[in-house]
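S.K.: I have a structure I would like to understand better, so I am pasting it below and will then ask my questions one at a time.
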DNA sequence: GTTATGATCTCCT
DNA sequence: GGAGATCATAACG
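Residue numbers (our numbering): -11 to 188.
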């Protein structure tokens, strides 16, 4: 059921980002399984992408996870508050990653609701990378974990979308990246309630 | 050692 | 529509 390791070794992070739409993402934290299918992603295209932490081949203790072989998770803290989940792709030495921005919840919705302190289930329970990580119980101690593990993994259950159902637009929150901020590296399923709203 | 800032979200007006 | 939260990271001295 888990997507094979070879899937993540593709050199084309943009097409992997697109392919991940409709795939099922799960976590098992403290024995609690939560997950759903991915409806929004963004591609971070290695050393030539100004929006990427690894731009210019910048190797630091934080970014070393991105330089490892694909098929693992890159998780980091942003704005001092939010954990972000990325899927590392391509071969060792190529710091490509896909930011998972939103899922449509399927499994363990009550658990996600409790983690988010929400009285009612609303679409924004898993819309946006920070919310998504919180709902799934993802923290930095999962940084570098294999996607073949039993704590964090992605499955293919046969769901997929056509090009007409997928929108490609510029990424969110990367205005500092100059020209690269214009690249259409954000992909989402049109008309899905769980896609994050652009914050402005 | 110090400082500026961010792949964001929530609450307030 | 806008500001505050809150801290690891990276660049600089």
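For each residue, glycine too, the CB sits at the ideal point set by N, CA and C.
Going by other Cβ atoms of all chains shown within 10 Å of its Cβ, with 16 needed for buried, is residue 162 buried or exposed?
M.R.: Residue 162 comes out buried.
S.K.: Starting from residue 174, trace the alpha helix (DSSP H) in both directions and tell me its first and last residue.
M.R.: Counting along the chain, residue 174 falls outside any alpha helix (DSSP H), though it belongs to the beta strand (DSSP E) covering 174 to 177.
S.K.: How is residue 78 classed by DSSP in three states: helix, strand or coil?
M.R.: Coil at residue 78, not helix or strand.
S.K.: Locate the beta strand (DSSP E) running through residue 35, then write down its first and last residues.
M.R.: Counting along the chain, residue 35 falls outside any beta strand (DSSP E), and DSSP gives it neither H nor E.
S.K.: State the Cα-Cα distance for the pair residue 188 and residue 174, rounded to the nearest angstrom.
M.R.: With a pLDDT of only 42 at residue 188, under the threshold of 50, the placement of this residue in the model should not be trusted, and no figure is reported.
S.K.: At the level of alpha carbons, what is the spacing between residue 109 and residue 159?
M.R.: Roughly 27 Å between the two C-alpha positions.
S.K.: I need the DSSP call for residue 182, collapsed to helix, strand or coil.
M.R.: The answer is coil: DSSP assigns residue 182 none of H, G, I, E or B.
S.K.: Grab me the residues of residue 33's own chain with a C-beta within less than 6 Å of its C-beta, minus the 5 sequence neighbours each way, in chain order.
M.R.: 1, listed in sequence order.
S.K.: Have a look at residue 189 and residue 9 and give me their C-alpha separation to the nearest angstrom.
M.R.: The chain is shown from -11 up to 188; residue 189 falls before or after that span and cannot be answered.
S.K.: Go through its chain and collect everything with a Cβ distance to residue 111's Cβ below 7 Å, but skip five positions before and after it.
M.R.: Hits under 7 Å: 181 and 182.
S.K.: Check the C-beta distance from residue 15 over to residue 126 and give it rounded, since I have them as a contact under 8 Å.
M.R.: Yes, residue 15 and residue 126 are in contact; Cβ-Cβ is about 6 Å, under 8 Å.
S.K.: Is the separation between the beta-carbon of residue 145 and that of residue 12 shorter than 7 Å?
M.R.: Yes, they are a contact pair.
S.K.: Could you tell me which uninterrupted beta strand (DSSP E) segments, each at least 3 residues in length, are contained entirely in the region 56 to 128, listed from first to last along the chain?
M.R.: Listed in chain order, the complete beta strand (DSSP E) runs (minimum 3 residues) inside the region 56 to 128 are 61 to 66, 70 to 77 and 84 to 95.
S.K.: Determine which residues share a DSSP beta bridge with residue 17 and list them.
M.R.: 20, per the DSSP bridge assignment.
S.K.: Flag this pair as touching only if the region 40 to 54 and the region 19 to 28 have three or more C-beta atom pairs under 8 Å; answer yes or no.
M.R.: The region 40 to 54, when compared against the region 19 to 28, does not touch it at the 8 Å Cβ threshold.
S.K.: Between the alpha carbons of residue 98 and residue 17, how many angstroms are there, rounded?
M.R.: Near 14 Å, if we compare the C-alpha coordinates of residue 17 and residue 98.
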